[in-house]
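Visitor: Numbering that gives the first Met the number 0 applies: residue 0 is where the sequence shown begins, and numbers increase by one. C-beta: ideal position from N, C-alpha, C; glycine also.
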Amino acid sequence: MSFVRRIAQGRLDIVREERVRRESGLHATAEPGALAAVFGQQQGAGSVRPPRDTDVSADHPRVVELTEICDRLHFADFADLDAGELTALESALSGFESAQSADRRELFARIDVLSRELVDRYKSGGATVDSLLD
Numbered sequence: 000m001s002f003v004r005r006i007a008q009g010r011l012d013i014v015r016e017e018r019v020r021r022e023s024g025l026h027a028t029a030e031p032g033a034l035a036a037v038f039g040q041q042q043g044a045g046s047v048r049p050p051r052d053t054d055v056s057a058d059h060p061r062v063v064e065l066t067e068i069c070d071r072l073h074f075a076d077f078a079d080l081d082a083g084e085l086t087a088l089e090s091a092l093s094g095f096e097s098a099q100s101a102d103r104r105e106l107f108a109r110i111d112v113l114s115r116e117l118v119d120r121y122k123s124g125g126a127t128v129d130s131l132l133d
């Protein structure tokens, strides 16, 4: 969930940067540094968790959905899209990313509730490590 959300965010950053470039009247650039600059803009504090394996299957439903959006709206050719098409692509990617973020927040809220319950049970004596071994 988090991995696909980050991929969507990266693609959305690229599309938004293209829109800003067009609005400012700058010419397109194919320099690798230009793309690196988009991803190099720090948008937050980042995660304190260590990196995890990102071997996500291409047939995972979230990956398939993102791929279908990008294929249908021609993400691979974003520089050639007209203003309306670019806006539609940006809107679709933004909606997908927002849905993934909402799902992720909901999942982590449930994990937090379960974690608190587990800690409370161990603190109150309602559960013990030894009982796990039985």
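(1) Given a cut-off of 8 Å, decide if L106 and M0 are closer than it, judged by their beta-carbon atoms.
(2) Compare the C-alpha of Q8 against each of E96, R104, L85 and name the closest.
(3) Taking the alpha helix (DSSP H) that V14 falls in, what are its first and last residues?
(4) Looking at the secondary structure, which residues open and close the alpha helix (DSSP H) in which F95 lies?
(5) Should the stretch 6-21 be regarded as contacting the stretch 69-85, the criterion being three or more beta carbon pairs within less than 8 Å?
(6) Which residue's Cα is closest to the Cα of R4: A87, L117, V62?
(7) Here's the rule: buried if 16 or more other CB atoms are within 10 angstroms of the residue's CB, otherwise exposed. What is R136?
(8) Confirm, please, whether the CB-CB distance from L65 to L88 is below 8 Å.
Guide: So, to answer that:
(1) The sequence position of residue 0 within the sequence shown is 1, counting from 1. The sequence position of residue 106 within the sequence shown is 107, counting from 1. In this structure, L106 lies closer than 8 Å to M0 by Cβ.
(2) For the purposes of this step, residue 8 is identified with residue 9 of the sequence shown, where counting begins at 1. When each option's Cα is compared against that of Q8, the closest is E96.
(3) Locating residue 14 in the sequence shown gives position 15, where the first residue counts as 1. Where V14 is concerned, the enclosing alpha helix (DSSP H) stretches over 1-23.
(4) For the purposes of this step, residue 95 is taken as the residue at position 96 of the sequence shown. Here the alpha helix (DSSP H) through F95 covers 82-123.
(5) yes
(6) Taking the first residue of the sequence shown as position 1, residue 4 is located at position 5. Of the listed residues, the one whose Cα sits closest to R4 is V62.
(7) Within the shown structure, residues of the chain are numbered from 0 to 133, placing residue 136 beyond reach of any answer.
(8) Along the sequence shown, one-based indexing puts residue 88 at 89. Along the sequence shown, one-based indexing puts residue 65 at 66. Contact: no.
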